[in-house]
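S.K.:
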Amino acid sequence: MAAPQNPSSSTLLRGIKVLERISLEEEPVRFSELRQTLPGATDATLSRLLQTLEAADYVRRSGKVGYVRGPALQNWIQLCTGGSGGFQSVAENTVRQLCRITNESTALATFLNDRLIVVASQVAEGAVSIIHPGHTLHFEGDHAGALAILSLMTPEEQRQMVGGPLSSIASLAELQESLTRFRTSPDSEIFRDRSLARPGICRIAIPFQVGPHRGSLFLCLTETQADQSFAELTRHLSSSRENLLKATKVG
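With the first letter of the sequence shown counted as 1, position 89 gets the number 89 in the UniProt record's numbering; the numbers rise by one all the way through.
This is the structure in structure tokens:
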């Protein structure tokens, strides 16, 4: 027969469950949502647990909305993801969370060995299809994800990429025209395209640079949905990029 669980181990397990839930969310987690994470725990028990975690800087209050990651939890996440294979794990987690929050198909691609490689992707339930992980994303003038990465490159790098076997962009002039046309505003980092191959479908993308990794995080969705929820979707994209940068920062 299993030994009875002592109060200290029970509190530890509850604390781990709360931290796990908060660590997976970009938005504040409400008290009621955390209560669902701990079946059988009373409000008083959860309140005491949160007070203890807050005092230790593992969580912090976000106004009256809920709880978010504290400095100690963020440092722990960085230590866990900073080693070998860390970027892949963080990329997959970022895509998974963004897909769940937006309910739109999501992908993350990086520039590697003169190619754009899809590191992670996920199709949202009932949403449009998206390129699979491990596939090569071509340098296309009507693809926001590719354009976002090209926007990070030097003119010399751009010159080497356009006109090649993996590019449908014929010249630097054509690239600059696409960068200008699909950037949502002159001072914005967000790109939004209109797919020529899939009428009615578009991508919304944001670039990122994490150490040696230059890439983009993008959503693939219908133009109608993009029009209706553009401000909210771009806010989630920006928030996910910030979380990606924090989670992969070492030191």
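Backbone N, C-alpha and C fix where the C-beta goes; we use that ideal spot for every residue, glycine too.
When you measure from the CB of Tyr67 to every non-hydrogen atom of the ligand MN, does any distance come out below 7 Å?
M.R.: Questions concerning the ligand MN fall outside what the structure shown contains, since it holds no ligand whatsoever.
S.K.: If you draw a straight line from the alpha carbon of Ser10 to that of Thr45, how long is it in whole angstroms?
M.R.: Residue mapping note: residue 10 aligns to position 10 of the sequence shown, counting from 1. Residue mapping note: residue 45 aligns to position 45 of the sequence shown, counting from 1. Roughly 11 Å between the two C-alpha positions.
S.K.: Quick one: is Asn243 buried, meaning 16 or more other Cβ sit within 10 Å of its Cβ, or exposed?
M.R.: On the sequence shown, residue 243 is found 243 positions in, with the first residue counted as 1. Counting every other CB atom within 10 Å of its CB across the protein chains shown gives Asn243 a total of 16 or more, marking it as buried.
S.K.: Here's the rule: buried if 16 or more other CB atoms are within 10 angstroms of the residue's CB, otherwise exposed. What is Phe31?
M.R.: Taking the sequence shown and counting its residues from 1, the one referred to as residue 31 is at position 31. Residue environment analysis places Phe31 among the exposed positions, since fewer than 16 neighbouring C-beta atoms fall within 10 angstroms of its C-beta.
S.K.: Determine whether the beta carbon atoms of Met161 and Phe191 lie at a separation below 8 Å.
M.R.: As a working note, residue 161 is residue 161 in the sequence shown. As a working note, residue 191 is residue 191 in the sequence shown. Contact flag unset, no.
S.K.: With a 10 Å radius around its C-beta and 16 neighbouring C-beta atoms as the bar for buried, classify Arg189 as buried or exposed.
M.R.: Looking up residue 189 in the sequence shown gives position 189. Strictly speaking, residue 189 in this sequence is Glu, with Arg absent from that position. Looking at its Cβ environment, which holds 16 or more other Cβ atoms inside 10 Å, Glu189 is buried.
S.K.: With a Cβ-Cβ cutoff of 8 Å, do Ala205 and Leu196 count as a contact?
M.R.: On the sequence shown, residue 205 is found 205 positions in, with the first residue counted as 1. On the sequence shown, residue 196 is found 196 positions in, with the first residue counted as 1. For Ala205 and Leu196, no; Cβs fall outside 8 Å.
S.K.: Rounding to the nearest angstrom, what Cα-Cα distance links Gly82 and Ile169 in this structure?
M.R.: Your numbering for residue 82 matches position 82 in the sequence shown. Your numbering for residue 169 matches position 169 in the sequence shown. With a pLDDT of 47 at Gly82, under the threshold of 50, the modelled position of that residue is not reliable, and no figure is offered here.
S.K.: Given Met1, which residues of its chain have a CB within under 6 Å of its CB, disregarding the five upstream and five downstream residues?
M.R.: As a working mapping, residue 1 is identified with position 1 in the sequence shown. Unreliable positioning characterises Met1 in this predicted model, as indicated by a pLDDT of 37, which lies under 50. A coordinate reading is not provided.
S.K.: What span of residues does the beta strand (DSSP E) with Gly70 cover, start to end?
M.R.: In the sequence shown, the residue the question calls residue 70 occupies position 70. Careful: Gly70 lies outside any beta strand (DSSP E) and carries neither H nor E.
S.K.: With a threshold of 7 Å on Cβ separation, who are the neighbours of Val95 within its own chain once the five nearest residues in sequence on each side are excluded?
M.R.: The residue you call residue 95 lines up with position 95 of the sequence shown. So the list reads Thr106, Ala107, Leu108, Ala120, Ser121, Gln122, once near-sequence residues are dropped.
S.K.: Check whether the stretch 132 to 151 touches the stretch 233 to 241, counting contact only when three or more Cβ pairs, one atom from each stretch, lie closer than 8 Å.
M.R.: no
S.K.: Taking the continuous beta strand (DSSP E) assigned at His213, which residues delimit it?
M.R.: Position 213 of the sequence shown, counted from the start, is the residue given in the question as residue 213. Start and end: 213 to 222.
S.K.: Taking just the CA atoms, how far does Lys246 sit from Gly126?
M.R.: Position 126 of the sequence shown holds residue 126. Position 246 of the sequence shown holds residue 246. Per the coordinates, the alpha-carbon of Gly126 lies some 31 Å from the alpha-carbon of Lys246.
S.K.: Find the nearest neighbour of Arg183 within the set His143, Arg198, Thr110, judged by alpha-carbon distance.
M.R.: On the sequence shown, position 183 is the one that residue 183 refers to. Comparing Cα-Cα distances from Arg183 to each of His143, Arg198, Thr110, the minimum goes to His143.
S.K.: Going by C-alpha to C-alpha distance, which of Thr222, Gln225, Ser229, Gln209 sits closest to Arg241?
M.R.: Taking the sequence shown and counting its residues from 1, one reaches residue 241 at position 241. Of Thr222, Gln225, Ser229, Gln209, the residue nearest in Cα terms is Gln209.
S.K.: Quick check: Tyr67 and Ile22, are their CB atoms within less than 8 Å of each other?
M.R.: The sequence position of residue 67 within the sequence shown is 67, counting from 1. The sequence position of residue 22 within the sequence shown is 22, counting from 1. Contact flag set, yes.
S.K.: My output table needs one value for Ile101: the three-state DSSP class, helix, strand or coil.
M.R.: Against the sequence shown, residue 101 aligns to sequence position 101. Three-state result, Ile101: helix.
S.K.: Is Asp193 buried or exposed, if buried means 16 or more other CB atoms sit within 10 Å of its CB?
M.R.: In the sequence shown, counting from the first residue as 1, residue 193 sits at position 193. Buried: at least 16 other Cβ atoms inside 10 Å.
S.K.: Can you tell me where the beta strand (DSSP E) with Ala127 in it begins and where it stops?
M.R.: Taking the sequence shown and counting its residues from 1, the one referred to as residue 127 is at position 127. Premise fails: Ala127 is in no beta strand (DSSP E) and is neither H nor E.
S.K.: Quick one: what's got a C-beta closer than 8 Å to Gly85's C-beta in the same chain, skipping five residues either side?
M.R.: By 1-based counting over the sequence shown, the position of residue 85 is 85. Caution is warranted here: a pLDDT of 49 is assigned to Gly85, below 50, making its placement in the model unreliable, and the coordinate value is therefore given only provisionally. Closer than 8 Å at Cβ, skipping near neighbours: no residue.
S.K.: Please report the Cβ distance between Ser178 and Gly141, rounded to the nearest whole angstrom; I am assuming they are in contact, meaning their Cβ atoms lie under 8 Å.
M.R.: Within the sequence shown, residue 178 is the residue found at index 178, counting from 1. Within the sequence shown, residue 141 is the residue found at index 141, counting from 1. Rounded, the Cβ-Cβ distance is 4 Å, consistent with contact.
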